[in-house]
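Novice: In the numbering used here, the protein residues as written are 8 to 459.
Quick reminder that beta carbons are idealized off the backbone N, C-alpha and C, glycines included.
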Amino acid sequence: MAGERYRSFGLATPAAKRAIAADDAIALMRSGKATKNALLAYGNGRSYGDSCQNEPGAVVDMRPLNRIGAFNAETGLLEAEAGVFLSDIIAHTAPYGFFPTVVPGTQFVTLGGAIANDVHGKNHHRRGTFGCHVESLTLLRSDGRTYTCSATDNARLFAATIGGMGLTGLILSASIRLMRVHSLDIAEKVTRFADLGEFFELAEAADQANEYAVAWIDQLAGGHGHGRGRGLLLTGNHAEYGSHAASRAGSRFSVPFQPPFNVLNRPFLTAFNAAYRWKKGRSPGPSQTGYQGFFFPLDGVGDWNRLYGPKGLYQHQSVVPENVARQTMPALLEAARRAGQGSFLTVLKRFGSIRSPGLLSFPRPGFTLTLDFPNRGDRTLALLSELDRITVAAGGAVNPYKDARMGADTFAASFPNWQRLEALRDPAFVSSFWLRTAKKLNVRPGRVEAAE
8 MAGERYRSFG LATPAAKRAI AADDAIALMR SGKATKNALL AYGNGRSYGD SCQNEPGAVV
68 DMRPLNRIGA FNAETGLLEA EAGVFLSDII AHTAPYGFFP TVVPGTQFVT LGGAIANDVH
128 GKNHHRRGTF GCHVESLTLL RSDGRTYTCS ATDNARLFAA TIGGMGLTGL ILSASIRLMR
188 VHSLDIAEKV TRFADLGEFF ELAEAADQAN EYAVAWIDQL AGGHGHGRGR GLLLTGNHAE
248 YGSHAASRAG SRFSVPFQPP FNVLNRPFLT AFNAAYRWKK GRSPGPSQTG YQGFFFPLDG
308 VGDWNRLYGP KGLYQHQSVV PENVARQTMP ALLEAARRAG QGSFLTVLKR FGSIRSPGLL
368 SFPRPGFTLT LDFPNRGDRT LALLSELDRI TVAAGGAVNP YKDARMGADT FAASFPNWQR
428 LEALRDPAFV SSFWLRTAKK LNVRPGRVEA AE
């Protein structure tokens, strides 16, 4: 039995029932005896839904494959096993003046997980997704063969594996390009905006002038009146002078047990939003801050997801084209307000036009909004379905590795090329997400329909 060690981060879906060690899975696959839907790689469980779960089979714990191999301190090219955490890569390469070119909101993801989900960061407008910086990867499939994949070798498997949510086999190792930086510290500037209209006026110029840009939204503020959609635009660049030593990757505080109820209720969120807006927005000029606080603020609180209570949380991340964002983003926030649901973390940012090599990559040109909601059962599920509807109607997409409940039709509308991944999926690999979405679709000539 796998138990609590193999949950997803949202805590709203069941934990994996069975787990298998990476070495045992590798031996099974090399023998050619892996059965249909038997396996799925599990990194560090930072996906919010069931894309890291395999209800009919077992998850493969990849964390023991955590060795860093060669690193070229001149070019920034690093080779490492798939279970290495991004925090370990930062610690290993920072003294040489390098930093991962793209980092998500937590450093406690594995290299294999970052590739499989083609994660993005605060600099998508300049650097694209994580997959844009993968030189090559080593993939083991259930036919017993090991494939070296790159843009030129086994190119179709390479594209399917980047953003393929672990469905093409086991990523054993990868070679990635890191970015040379002046220092790890960030010169950060915080700009207040009164509403979403003002944010959209600031967004493009902020992207052009800065390596990193993201907005925090006070989702509870304003209602239909003053302050609706107000927030803070956080921009940053690596400081010219600062630290080249990675700080210790750990949590200063932790939530030691699961509270019996949701701590992040509306009064708490109102107070938190007011305090955060005051603290971050009080200084109009640039300030120098450590990389941990800028990129990974929630990593400082271990097991913070427990604060949502025993039912966990749902995260909804959408992206919509730039030409409809000014109408769609307010509609998404208004839907949450109408439903009486407050989001603890509400983040808005602009995706650029750099195309990922991944087949099913989530980022695309436009604006992306992320919302977190405590799981209140049917009421929350109804809101999330409404957010899906608004997103799809706008020609957008819902992020699969942040999802725990989208329907097959929403997935098909978000990723119309999903059949190309299904064609390259390793038959021994499946996820609960894939069974819930893609496997419930009927393929007919010229169209995809939800199964009856």
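Judging by CA-CA distance, which residue of Ile224, Arg148 and Pro107 is the nearest neighbour of Arg184?
Specialist: Pro107
Novice: Please go through the same chain and pick out, in chain order, the residues whose beta-carbon is closer than 6 Å to the beta-carbon of Leu355, but skip the five residues on each side of it.
Specialist: Ala222, Ile224 and Leu376
Novice: Relative to the alpha-carbon of Phe302, which residue among His245, Pro293 and Gln348 has its alpha-carbon at the smallest distance?
Specialist: His245
Novice: Distance check for Asn217 and His140, CA to CA, integer angstroms please.
Specialist: Inter-residue distance for His140 and Asn217 is about 20 Å (C-alpha atoms, whole angstroms).
Novice: How many angstroms separate the CA atom of Ser254 from the CA atom of Leu179?
Specialist: 28 Å
Novice: With H, G and I counted as helix, E and B as strand and the rest as coil, what does DSSP make of Tyr315?
Specialist: helix
Novice: Check whether the region 200-209 and the region 141-160 are in contact - that is, three or more C-beta pairs closer than 8 Å.
Specialist: no
Novice: Going by beta carbon distance, what residues of the same chain come within less than 7 Å of Ser15, once the five residues before and after it are set aside?
Specialist: Closer than 7 Å at Cβ, skipping near neighbours: Gly52, Ser54, Tyr55, Gly56, Asp57, Cys59 and Gln60.
Novice: Kindly indicate which residue of Arg412, Phe440, Gly249 and Trp441 has the alpha-carbon position closest to the one of Leu388.
Specialist: It is Arg412.
Novice: Report yes if the C-beta distance between Ala181 and Ser143 is below 8 Å; otherwise report no.
Specialist: Yes. Within cutoff.
Novice: Roughly how many whole angstroms lie between the Cα atoms of Val110 and Arg345?
Specialist: Approximately 34 Å between the Cα atoms of the pair.
Novice: Thr347: which of Arg383, Asp31, Glu329 and His132 sits nearest, CA to CA?
Specialist: The amino acid at residue 347 is misidentified as Thr; the sequence shows Gly. Nearest C-alpha to Gly347: Arg383.
Novice: Just the Cα atoms here: how many angstroms apart are Gly359 and Gly39?
Specialist: 42 Å
Novice: Got a sec, what are the start and stop residues for the alpha helix (DSSP H) Ile122 sits in?
Specialist: Leu118 to Ala123
Novice: If Phe374 and Leu47 are in contact, beta carbons under 8 Å, what's the gap, nearest whole angstrom?
Specialist: That belief does not hold up - the Cβ atoms of Phe374 and Leu47 are roughly 32 Å apart, past 8 Å.
Novice: Taking Met186 as part of the beta strand (DSSP E), name the residues at either end of that continuous run.
Specialist: Leu177 to Arg187
Novice: Distance check for Arg133 and Gly4, CA to CA, integer angstroms please.
Specialist: Missing from the structure shown is residue 4; the chain here goes from 8 to 459 and no further.
Novice: Taking the DSSP output, what are the residues bridged to Lys196?
Specialist: Thr242
Novice: Using the rule of at least 16 other Cβ atoms within 10 Å of the residue's Cβ for burial, across every protein chain shown, is Asn330 buried or exposed?
Specialist: exposed
Novice: Using a Cβ-Cβ cut-off of 8 Å (strictly less than) and excluding sequence neighbours within five positions of Pro461, which residues of its own chain qualify?
Specialist: Nothing about residue 461 can be read from this structure; the chain reaches only from 8 to 459.
Novice: Where does the unbroken beta strand (DSSP E) through Ala77 begin, and where does it stop?
Specialist: Ile75 to Asn79
Novice: Between Phe369 and Val326, which are expected to be in contact by the criterion C-beta below 8 Å, what is the C-beta distance as a whole number of angstroms?
Specialist: 7 Å
Novice: Please identify the residue among Gly104, Ile75 and Gly83 whose C-alpha is closest to the C-alpha of Asp95.
Specialist: Comparing alpha-carbon positions, the option among Gly104, Ile75 and Gly83 lying closest to Asp95 turns out to be Ile75.
Novice: The alpha helix (DSSP H) with Val399 in it runs from where to where?
Specialist: Asp385 to Ala400
Novice: If I measure Cβ to Cβ from Ser438 and keep anything under 8 Å in the same chain, skipping five residues before and after, which residues do I get?
Specialist: Leu47, Asp57, Ser58, Cys59, Gln60, Asn61, Met172, Gly173 and Leu174
Novice: With C-beta atoms as the reference, is Gln324 less than 8 Å away from Asn406?
Specialist: yes
Novice: At 4 residues or longer, what runs of the alpha helix (DSSP H) sit wholly inside the region 43-121?
Specialist: Fully enclosed alpha helix (DSSP H) runs of 4 or longer: 93-100.
Novice: With respect to the alpha helix (DSSP H) encompassing Gln215, which residues constitute its N-terminal and C-terminal limits?
Specialist: Leu203 to Ala216
Novice: Rank Ile97, Phe92 and Ile33 by C-alpha distance to the C-alpha of Val2 and give the top, closest one.
Specialist: The requested residue 2 is not part of the displayed model; the chain covers only 8 to 459.
Novice: Just tell me which of Asn312, Ser392 and Ala445 has its CA closest to the CA of Ala342.
Specialist: Ser392
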